[in-house]
Amino acid sequence: MEDVLAHYAHNPFLLTRATFPDLVRLGLTPKEAYRLIAALELFKRAYANPKVNVIKTSNDAFLHFKDLGFSSTEIFAVLFLDRANRVITFKHMFQGGISETSVDIRIILKMAIGVGATGIICGHNHPSGNRLASNADILLCKDIREACGLLQILLLDNLIITHNSYLSFQDEGMM
321 MEDVLAHYAH
331 NPFLLTRATF
341 PDLVRLGLTP
351 KEAYRLIAAL
361 ELFKRAYANP
371 KVNVIKTSND
381 AFLHFKDLGF
391 SSTEIFAVLF
401 LDRANRVITF
411 KHMFQGGISE
421 TSVDIRIILK
431 MAIGVGATGI
441 ICGHNHPSGN
451 RLASNADILL
461 CKDIREACGL
471 LQILLLDNLI
481 ITHNSYLSFQ
491 DEGMM
């Protein structure tokens with residue numbers, strides 16, 4: 321266990337992304353590796369809660385997206401809301417690689433219509449830890465907002481999630 325802790329001492333957050341082979345390679349027995357993975361999963365679940373049912377602020381939305389910060393690959397998720405901004409459902413929609421993911425806006429809108437959402441909040445993580453929006457992030461947000469507008473669905477916010485922070489397009493005046 322000391323070797324594992326020493327290996328991740330420079331950035332303990334990376335331990336939450338460790339895989340079974342990583343831990344065994346660092347000297348843990350399979351039983352120890354499984355126990356550590358289980359403990360880390362419990363930590364991630366506890367860290368991700370509590371979630372609010374009515375979204376009033378970007379931080380309320382962030383609580384639903386927070387767990388994305390633990391992923392080593394980019395994940396695009398959507399929070400589907402009713403007219404009173406109550407959460408209908410939250411769904412991980414697309415998963416990509418280390419630095420990008422492909423997003424099909426039609427699939428987002430199909431689900432929004434299917435669950436009766438009148439508003440959505442989109443979010444994805446930046447595994448690099450950089451919470452700044454790229455040009456591609458800004459263009460995607462614009463495209464989603466325009467497509468939603470055609471169906472009278474509001475894009476209320478777009479979040480970029482890192483392991484310890486987030487950027488809200490709405491809060492930053494980027495919507």
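For the sequence shown, position 96 (counting from the first letter as 1) is numbered 416 according to my numbering, and the numbering increases by one without interruption.
Beta carbons: idealized from backbone N, C-alpha and C, even for Gly.
According to DSSP, is residue i helix, strand or coil?
| i | result |
| --- | --- |
| N455 | helix |
| G443 | strand |
| T377 | coil |
| Y486 | strand |
| V398 | strand |
| R403 | coil |
| H412 | strand |
| D477 | strand |
| E420 | coil |
| H384 | helix |
| E352 | helix |
| A437 | coil |
| G347 | coil |
| G493 | coil |
| T336 | helix |
| G469 | helix |
| G449 | coil |
What is the rounded straight-line gap between the Cα of residue i and the Cα of residue j?
| i | j | result |
| --- | --- | --- |
| N484 | L471 | 34 Å |
| C442 | A359 | 29 Å |
| L476 | R403 | 11 Å |
| T339 | R355 | 12 Å |
| T393 | G347 | 25 Å |
| P350 | L362 | 18 Å |
| C468 | G417 | 26 Å |
| A432 | L325 | 44 Å |
| N405 | F390 | 26 Å |
| F489 | F382 | 12 Å |
| L487 | H412 | 18 Å |
| L401 | L479 | 15 Å |
| E322 | G436 | 51 Å |
Short check: CB of residue i to CB of residue j, under 8 Å?
| i | j | result |
| --- | --- | --- |
| G434 | L474 | no |
| L458 | F385 | The residue you asked about is not Leu; residue 458 is Ile in the sequence shown. Not closer than 8 Å, so no. |
| H444 | F396 | yes |
| I428 | V407 | no |
| Q415 | T421 | yes |
| M494 | A453 | yes |
In terms of residues, what are the limits of the alpha helix (DSSP H) holding residue i?
| i | result |
| --- | --- |
| L325 | E322 to H327 |
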